[in-house]
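In our numbering, the protein residues as written are 1162 to 1459. All C-beta atoms, glycine included, are put in the ideal place defined by N, C-alpha and C. The model shown is predicted, which means the values in this text are computed figures rather than measured ones.
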Ligand SMILES: C[S@@+](CC[C@H](N)C(=O)[O-])C[C@H]1O[C@@H](n2cnc3c(N)ncnc32)[C@H](O)[C@@H]1O
């Protein structure tokens, strides 16, 4: 607990409003703490992620002395930092927050630069504006315009402003991207007393657009690797059997745009006892390249 408090107080994140900062910082500290408890169980997943990054860079002969961007670098558990620092002239680590422990570690890697950026900042701003016109009637409230207009407007938002690079890697991040915007929009729609089916439609569209835009961002670089959860399997011990429910992370529509880079693997994200004595969560994780050709960056 003391460790968590110290990390919270010493990890600067001045660019974002307090509630945004607090949400992401708590999440990041939570991941670090869970890693310390589940080091053994997480090791194969972290090693498989590192291995996928190394083989992708080596087998594609990606510009030695060039630039690489890592999205969702977090506490660097799955980042082969020494390898990247040696291979590239510039390594950009992008995350919304960089813990003090990460900042200290990076001091030893001269080619590594950290950038704090909210990869769904444009979507969040868009959603936050919707909370403004509370006095509108429900029929003409901008949050409730028809679904295709809503999707078009979200899709047309600017992509995150990232530096040019030879290669970009999205690292165990995709499943997290939509969470905060989802919660924010859900709250706004609830306050508006939006009917449940419209609410679900908007929230689903938001998640799809965020995931689709993330792939678009990756495709705007000459080489891109996506490492992501594909499904999460939840096991719950009942009296005489184990109930399993699967949650889809990468939809069929997204998977159709991806080509596997090597075999998938299991991440024992929350072994029994981590969140509940009777619950275990195992994620299927994969590394993917993007099948369609790169699009030009604006
Ligand atoms: C599951 S963690 C993976 C962390 C890291 N790859 C590791 O295992 O060491 C997801 C990371 O994505 C970051 N993240 C989540 N949403 C983000 C956003 N909107 N913009 C930038 N980073 C975000 C979190 O802060 C966290 O560090």
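Among the options, nearest to residue i - alpha-carbon criterion
{"i": "residue 1193", "options": "1211, 1179, 1162 and 1220", "result": "1162"}
{"i": "residue 1369", "options": "1394, 1342 and 1307", "result": "1342"}
{"i": "residue 1410", "options": "1322, 1237 and 1339", "result": "1339"}
{"i": "residue 1270", "options": "1240, 1286 and 1382", "result": "1240"}
{"i": "residue 1441", "options": "1401, 1396 and 1407", "result": "1396"}
{"i": "residue 1390", "options": "1408, 1273, 1311 and 1321", "result": "1408"}
{"i": "residue 1227", "options": "1251, 1242 and 1170", "result": "1251"}
{"i": "residue 1307", "options": "1355, 1170 and 1191", "result": "1355"}
{"i": "residue 1283", "options": "1415, 1316, 1310 and 1259", "result": "1316"}
{"i": "residue 1181", "options": "1399, 1258 and 1235", "result": "1258"}
{"i": "residue 1312", "options": "1444, 1246, 1403 and 1372", "result": "1372"}
Whole-angstrom C-beta distance between residue j and residue i, which should lie under 8 Å
{"i": "residue 1231", "j": "residue 1255", "result": "7 Å"}
{"i": "residue 1379", "j": "residue 1331", "result": "6 Å"}
{"i": "residue 1334", "j": "residue 1233", "result": "3 Å"}
{"i": "residue 1393", "j": "residue 1444", "result": "5 Å"}
{"i": "residue 1318", "j": "residue 1273", "result": "That belief does not hold up - the Cβ atoms of residue 1318 and residue 1273 are roughly 29 Å apart, past 8 Å."}
Local conformation of residue i per DSSP, three classes
{"i": "residue 1215", "result": "helix"}
{"i": "residue 1205", "result": "helix"}
{"i": "residue 1161", "result": "Because residue 1161 is not part of the residues shown, which for the chain are 1162 to 1459, the question remains open."}
{"i": "residue 1196", "result": "helix"}
{"i": "residue 1239", "result": "coil"}
{"i": "residue 1170", "result": "helix"}
{"i": "residue 1185", "result": "helix"}
Under 8 Å between C-beta atoms of residue i and residue j
{"i": "residue 1277", "j": "residue 1176", "result": "yes"}
{"i": "residue 1196", "j": "residue 1238", "result": "yes"}
{"i": "residue 1377", "j": "residue 1323", "result": "no"}
Open item on the list: With three or more beta-carbon pairs closer than 8 Å as the criterion, would you say the segment 1205-1221 touches the segment 1378-1386?
Closed with: yes
Task: Cβ contact (3+ pairs, closer than 8 Å) linking the segment 1443-1452 and the segment 1421-1429 - done: yes
- [ ] Could you say if the segment 1342-1352 and the segment 1361-1378 meet the contact criterion of at least three C-beta pairs nearer than 8 Å?
- [x] yes
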